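Quick note, my numbering runs 80 ahead of the 1-based positions in the sequence shown.
Built from N, CA and C at the ideal position, the CB exists for glycine as well.
Predicted model only: the values in this text are computed from it and were never measured.
One structure below.
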Amino acid sequence: MKLKIENLNKSFRDNHVLKDINLEVSSGEIFGYLGRNGAGKTTSIRILMDVFQGDSGKITMDGEDFDPSLYKIGYLPEERGMYSKYKVGEQLMYFAQLRGASKAQAKKSMDHWSKEFEIEKYLNAKLETLSKGNQQKVQITQAFINEPDILILDEPFSGLDPVNAKVFQDALVEYIRGDKIIIFSSHQMSYVESFCNDIAIIDQGKIVLQGNLKEIKKKMGQGKLRLRLGEDKDLSFLAGRDFFLDEEDIILTLKPTETKKSFLQNLLDMGVDLLAFNDYLPSLQEIFIQKAGDKHEAV
């Protein structure tokens, strides 16, 4: 499956929230969709889910107009929406049937996913009686229930300890092997880097960066090197150079007249004690801040 969003616009009164959004997401991969609060990410997701209508633009699936009613969509919002005073099992059955499952199909799906996420023993408990981590696992189970064709996950790792995070990671990797579309959003950039081949960053209603994450890193790191020095940290070679420090490493920009080979030879001739000499690849955190933040704020 290939989901395509073209020139999507949305305004609420005088507030132009989405400005010619263009995105393309294919099944069989996890797509990272990133943005600060208020950037327009949630609005575009809600249009995809048919909660809102766009003012202009179109959404297609495999070249045909996208009809959300023809697809099962699983959604884990950042702000949780399940009912705290109702039993877990009752709610999972309810959400499965909302997506078109029969009672028997809903029961089968609930049994499978509650076992997958290790919440079987909580099916007869009220949601409010569970720990924060177990409540999050219930919310995740709800998103997977009835095997959705399109799975949208917003901050799914919130509240999960490392053991439960690993359980979820394994389930996610297994699920994407089917013909499924997964849109993944998180401010925990390490998770996005682990799962996503392609990403898009939205800022102030516009897509400011999208593409293959490895290629983006390579392009944004072009002309920069990562150096690590040994015990003899003679930094005289940095005089007049463009560089910054990243913990123990030096991130240095080559001069226009230099090559990696010539610069390395100069360091060796100067007797600089090098432990590491590599191309610089920025982290997704650095990329996000550069494209959607400013020098005073971090994710």
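Quiz item: Cα separation between E158 and D278?
Solution: 21 Å
Exercise. With distances taken Cα to Cα, identify the nearest neighbour of L150 among L361, I125 and I230.
Key: I230
Quiz item: Per DSSP, which one or two residues make a beta bridge with R257?
Solution: Answer by DSSP bridge pairing: none, since R257 is not bridged.
Quiz item: From N244 to K206, what does the alpha carbon distance come to, in whole angstroms?
Solution: 20 Å
Quiz item: Given a threshold of 16 other Cβ atoms within 10 Å of its Cβ, counted over all protein chains shown, does K297 qualify as buried or as exposed?
Solution: buried
Quiz prompt | Supposed contact pair L307 and D41 - C-beta distance, whole angstroms, cut 8 Å | solution = Residue 41 lies beyond the stretch modelled for the chain, which goes from 81 to 379, so this question has no answer here.
Quiz item: Alpha carbon to alpha carbon, what distance is there between S238 and M141?
Solution: 30 Å
Quiz prompt | Spatial distance of K121 from I282 (CA atoms) | solution = 7 Å
Practice problem: Answer with buried or exposed for L364, where buried requires no fewer than 16 other C-beta atoms within 10 angstroms of its C-beta. | Solution: buried
Quiz item: Would DSSP call A280 helix, strand or coil?
Solution: strand
Practice problem: Taking 8 Å as the cut-off, decide whether the C-beta atoms of H173 and K152 are in contact. | Solution: It is worth fixing the name first, because residue 173 is Met in this sequence and not His. Their beta carbons are not under 8 Å apart, which means M173 does not touch K152 by this criterion.
Quiz prompt | Closest Cα partner of G303 within the set L293, N102 and L332 | solution = L332
Quiz item: Does the pairing of the stretch 214 to 227 with the stretch 85 to 98 give three or more beta-carbon distances under 8 Å?
Solution: no
Quiz item: Taking the alpha-carbon positions, what's the L361 to S270 distance?
Solution: 14 Å
Quiz item: In whole angstroms, what is the alpha-carbon distance linking Y113 and Q215?
Solution: 24 Å
Quiz item: With burial defined as no fewer than 16 other Cβ atoms inside 10 Å of the residue's Cβ, what is the status of A181: buried or exposed?
Solution: buried
Exercise. Take every Cβ of the stretch 185 to 205, pair it with every Cβ of the stretch 163 to 170, and state whether three or more of those distances are shorter than 8 Å.
Key: yes
Quiz item: Using the rule of at least 16 other Cβ atoms within 10 Å of the residue's Cβ for burial, across every protein chain shown, is G134 buried or exposed?
Solution: buried
Practice problem: Return the first residue and the last residue of the beta strand (DSSP E) that D433 is part of. | Solution: The displayed coordinates of the chain run from 81 to 379. Any statement about residue 433 would go beyond what the structure contains.
Quiz prompt | Complete beta strand (DSSP E) runs within the stretch 332 to 365 (minimum length 3 residues, chain order) | solution = 354 to 359
Exercise. Compute the minimum distance between the beta carbon of I263 and the heavy atoms of the ligand SAH, and state whether it is under 7 Å.
Key: Absence of the ligand SAH from the depicted structure is noted, as is the absence of any ligand whatsoever, leaving it without description.
Quiz item: DSSP three-state call for V105: helix, strand or coil?
Solution: strand
Quiz prompt | Residue closest to E109, alpha-carbon to alpha-carbon, out of Y255, D130, E295 and Q284 | solution = Y255
Practice problem: Check each candidate in G301, R116 and P236 and name the one with the smallest Cα separation from D359. | Solution: G301
Quiz prompt | N204 (DSSP reduced to helix, strand or coil) | solution = coil
Quiz item: Around the Cβ of D196, are there at least 16 other Cβ atoms within 10 angstroms (buried) or fewer (exposed)?
Solution: The amino acid occupying residue 196 in the given sequence is Glu; Asp does not appear at that position. Answer is buried; the Cβ neighbour count reaches 16.
Quiz item: Hey, quick one: how far does the alpha helix (DSSP H) through V218 stretch, first residue to last?
Solution: K212 to F224
Quiz item: When you compare only the Cα positions, how much space is there between L348 and A319?
Solution: 17 Å
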